[in-house]
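Visitor: Just so we're aligned, residue 0 is where the sequence shown starts under numbering that gives the first Met the number 0, counting upward by one.
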Amino acid sequence: MKVNVNGEQQDYRTVWMEGSEVCMIDQPKLPHRFEIYRSKDYRETTDAIKNMIVRGAPAIGATAAYGMVQAALEFSGNDMEEFSNLIHEAAATLTSARPTAYDLFHAVDEIESKLRKAKSVSEALELARKAAKEYADKSAERCKKIGEAGEKFIKENSRILTHCNAGALACVDYGTALSPIRLAKYNGKEPFVFVDETRPRCQGSRLTSWELIQEEIDHSIIVDNAAGHFMQKGEIDIVIVGADRIAKNGDIANKIGTYEKAVLAKENGIPFYVAAPESTFDRRCATGADIAIEERGEDEVLSMFGIDENGNPVSIKISPGNSKARNPAFDVTPAKYITGIITENGILTYSHD
Ligand code: MRU
0 MKVNVNGEQQ
10 DYRTVWMEGS
20 EVCMIDQPKL
30 PHRFEIYRSK
40 DYRETTDAIK
50 NMIVRGAPAI
60 GATAAYGMVQ
70 AALEFSGNDM
80 EEFSNLIHEA
90 AATLTSARPT
100 AYDLFHAVDE
110 IESKLRKAKS
120 VSEALELARK
130 AAKEYADKSA
140 ERCKKIGEAG
150 EKFIKENSRI
160 LTHCNAGALA
170 CVDYGTALSP
180 IRLAKYNGKE
190 PFVFVDETRP
200 RCQGSRLTSW
210 ELIQEEIDHS
220 IIVDNAAGHF
230 MQKGEIDIVI
240 VGADRIAKNG
250 DIANKIGTYE
260 KAVLAKENGI
270 PFYVAAPEST
280 FDRRCATGAD
290 IAIEERGEDE
300 VLSMFGIDEN
310 GNPVSIKISP
320 GNSKARNPAF
330 DVTPAKYITG
340 IITENGILTY
350 SHD
């Protein structure tokens, strides 16, 4: 992705590996500061996923793949059984970080099953590095192809609504929902994006808007409750969102609030597309009801986070001291509300009974 660092245009991926460190764009610092966070071992990498320094389904998948390399690098012996035990423990730790995004499980499974084929520890170490790099490259390539498959849905000056951040920051590169929008911009279609702010973590207003600024894509941030109003007024032509997990019947889990946008889109006759790579499809999950929905801490709802006039991070309490809160991070949108799922292999549609 293009990033303007101190007035200079640079190319970045969301996550990569340097030596034994996993490097990632520090997302809680955005949009105010662009910094790189470096995790030293797989435990720190797990914490980075848990604390959302890196977030978004494909991005946490690639991060965990690199975390598996860090686990392999920790091993100093020659015994393959001991090595496998360590790898298995690391896999369990990494996948415990967040429950909903399937890419996390997909990535860790893929690296672990490749390592199982190694005959010696040194072979496994070499394999791990190669497999994780290939995983990240493939993930970026998948998102690029999602852009190519979905760009046709964006017409000249289309007005698109998106929810949460499903851009390059949520992936290794390109994004899922933002990938067709980027390509439409490169092709001169001048798309306009309505960015849901996406309370409580505000991935829309903090991250999606930041990405759109890097790409010079025109947009407005709207509060989460405003989408229905703009749909009713005929100001939104199409909705494109990402997904964290897709069930066999085409139900999808995505950031909390996606479901109501889908219902509103149907009510207003607006096409509602989901963009996701194959690594988000959980074939063992029959319907959306089987998807584990993460419930995060109350603080995210009861307070707001930002920076003060000196650029220092601050948290401001916005609710009565003794109010409780509920904070589901995702919801399930039934397949019947989804016009199509844009994947790297084309568009999928499901029966709408
Ligand atoms: O809680 P987050 O920020 O990890 O949630 C991210 C989303 O819900 C994205 O929309 C989703 O991962 C799909 S985009 C790649």
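Every residue gets a Cβ at the ideal spot worked out from N, C-alpha and C, and that includes glycine. Keep in mind it's a predicted model, so treat the numbers as computed, not measured.
Looking at C-alpha atoms only, which residue of Tyr65, Asp223, Gly305 is the closest neighbour of Tyr134?
Guide: Of the listed residues, the one whose Cα sits closest to Tyr134 is Tyr65.
Visitor: Given the structure, does Ala64 come close to ligand 1, in the sense that its CB is under 8 Å from one of the ligand's heavy atoms?
Guide: Answer for Ala64: no, Cβ out of range of ligand 1.
Visitor: Tell whether a beta-carbon distance below 9 Å holds between Met79 and Ala117.
Guide: A contact, by the Cβ cut-off of 9 Å.
Visitor: Mind checking whether Thr338 and Pro276 have CB atoms under 9 Å apart?
Guide: Cβ distance not < 9 Å, so Thr338 and Pro276 don't count as in contact.
Visitor: Are the CB atoms of Asn253 and His162 nearer to each other than 9 Å?
Guide: A contact, by the Cβ cut-off of 9 Å.
Visitor: Among Pro57, His87, Ile59, which one has its Cα closest to the Cα of Ala70?
Guide: When only C-alpha atoms are compared, the closest one is His87.
Visitor: Beta-carbon within less than 8 Å of Glu196's beta-carbon, same chain only, minus the 5 sequence neighbours each way: which residues are those?
Guide: So the list reads Gly203, Ser204, Ile220, Ile221, Val222, Asp223, once near-sequence residues are dropped.
Visitor: Please return the same chain residues whose Cβ sits closer than 8 Å to the Cβ of Glu109, not counting the five positions on each side in sequence.
Guide: Result list for Glu109: Ala64, Ala130, Tyr134, in chain order.
Visitor: Indicate, with yes or no, if ligand 3 has a heavy atom lying under 8 Å from the CB of Gln213.
Guide: With respect to ligand 3, the structure shown offers nothing to examine, as its ligands consist of ligand 1.
Visitor: Output the distance between the C-alpha atoms of Gly174 and Ala165, rounded to the nearest integer angstrom.
Guide: Computed Cα separation, rounded: 6 Å.
Visitor: I want to know whether the region 292-311 touches the region 327-337 - three or more CB-CB distances under 8 Å.
Guide: Short answer: they touch.
Visitor: Grab the span of the alpha helix (DSSP H) containing Cys22 for me, first residue to last.
Guide: Unbroken run through Cys22 is the beta strand (DSSP E), 20-24; no alpha helix (DSSP H).
Visitor: Can you list, in chain order, the residues of its chain whose CB lies under 7 Å from that of Ala246, leaving out five sequence neighbours each side?
Guide: Within the same chain, Ala246 has close Cβ partners Asp281, Cys284, Ala285, Thr286, Gly287, Asp289, Ile290.
Visitor: Can Asp243 be considered in contact with ligand 1, in the sense that its beta carbon sits closer than 8 Å to one or more heavy atoms?
Guide: Correct: Asp243 has its Cβ closer than 8 Å to ligand 1.
Visitor: Going by the C-beta, is Asn164 closer than 8 Å to any heavy atom of ligand 1?
Guide: Correct: Asn164 has its Cβ closer than 8 Å to ligand 1.
Visitor: Which value, in whole angstroms, describes the spacing of the CA atoms of His31 and Val273?
Guide: Cα to Cα, the separation comes out at about 29 Å.
Visitor: Can you list, in chain order, the residues of its chain with a C-beta nearer than 7 Å to that of Ala61? Leave out the 5 residues immediately preceding and following it.
Guide: Excluding sequence neighbours, Ala61 sits near Val14, Ala106, Tyr134, Ala135, Ser138, Val171.
Visitor: Can you give the Cα-Cα distance for Ile340 and Leu160, rounded to whole angstroms?
Guide: Rounded to whole angstroms, Ile340 to Leu160 spans 16 Å at the Cα level.
Visitor: From Ala58, Leu114, Tyr101, Glu299, pick the residue whose C-alpha is nearest to that of Leu85; which is it?
Guide: Nearest option by C-alpha distance: Leu114.
Visitor: With Ala56 as the anchor, note down where its alpha helix (DSSP H) starts and where it stops.
Guide: Segment 56-73, the alpha helix (DSSP H) holding Ala56.
Visitor: Among the candidates Ala264, Ile251, Asp250, Leu206, whose CA atom is the shortest distance from the CA of Glu234?
Guide: Nearest C-alpha to Glu234: Ala264.
Visitor: Taking only three categories from DSSP, how would you classify Phe229?
Guide: DSSP places Phe229 in helix when its eight states are reduced to three.
Visitor: Return the first residue and the last residue of the beta strand (DSSP E) that Thr161 is part of.
Guide: Taken as a continuous stretch (DSSP letters only), the beta strand (DSSP E) holding Thr161 covers 158-161.
Visitor: Does ligand 1 have a heavy atom nearer than 8 Å to the CB of Val240?
Guide: At least one heavy atom of ligand 1 is nearer than 8 Å to the Cβ of Val240, so yes.
Visitor: Going by C-alpha to C-alpha distance, which of Phe33, Phe191, Pro190, Ser302 sits closest to Arg12?
Guide: Taking only the C-alpha atoms, the option nearest Arg12 is Phe33.
Visitor: Alpha carbons only, please: which of Arg141, Gly146, Pro57 is nearest the one belonging to Leu103?
Guide: Measuring from the Cα of Leu103, the nearest candidate turns out to be Pro57.
Visitor: Any chance the CB of Lys260 is under 8 Å from a heavy atom of ligand 1?
Guide: False, no ligand heavy atom lies under 8 Å from that Cβ.
Visitor: Among the residues of its own chain, which have a CB less than 7 Å from the CB of Lys323, if the five just before and after it don't count?
Guide: Closer than 7 Å at the Cβ level, and outside the excluded window around Lys323, lie Glu297.
Visitor: Within the present structure, is the beta-carbon of Met51 separated from the nearest heavy atom of ligand 1 by less than 8 Å?
Guide: At least one heavy atom of ligand 1 is nearer than 8 Å to the Cβ of Met51, so yes.
Visitor: Gly55 and Ala169 look like a contact to me (Cβ under 8 Å); what is the Cβ gap, rounded to whole Å?
Guide: With 8 Å as the limit, Gly55 and Ala169 qualify as a contact, their Cβ atoms being about 2 Å apart.
Visitor: Consult DSSP for Val120 and reduce its assignment to one of helix, strand or coil.
Guide: Here Val120 sits in helix by DSSP.
Visitor: DSSP three-state label for Gly174, please.
Guide: Strand.
Visitor: Under the assumption that Pro179 contacts Ile145 (Cβ atoms under 8 Å), give the Cβ distance between them as a whole number of angstroms.
Guide: That belief holds up - the Cβ atoms of Pro179 and Ile145 are roughly 7 Å apart, short of 8 Å.
Visitor: Which of helix, strand or coil does DSSP assign to Val300?
Guide: Here Val300 sits in helix by DSSP.
Visitor: Cα separation between Ala91 and Ser19?
Guide: Their backbone Cα atoms lie some 20 Å apart in a straight line.
Visitor: What residues in its chain sit with their C-beta under 6 Å from that of Asp236, if we drop five residues either side in the sequence?
Guide: Within the same chain, Asp236 has close Cβ partners Ser157, Arg158.
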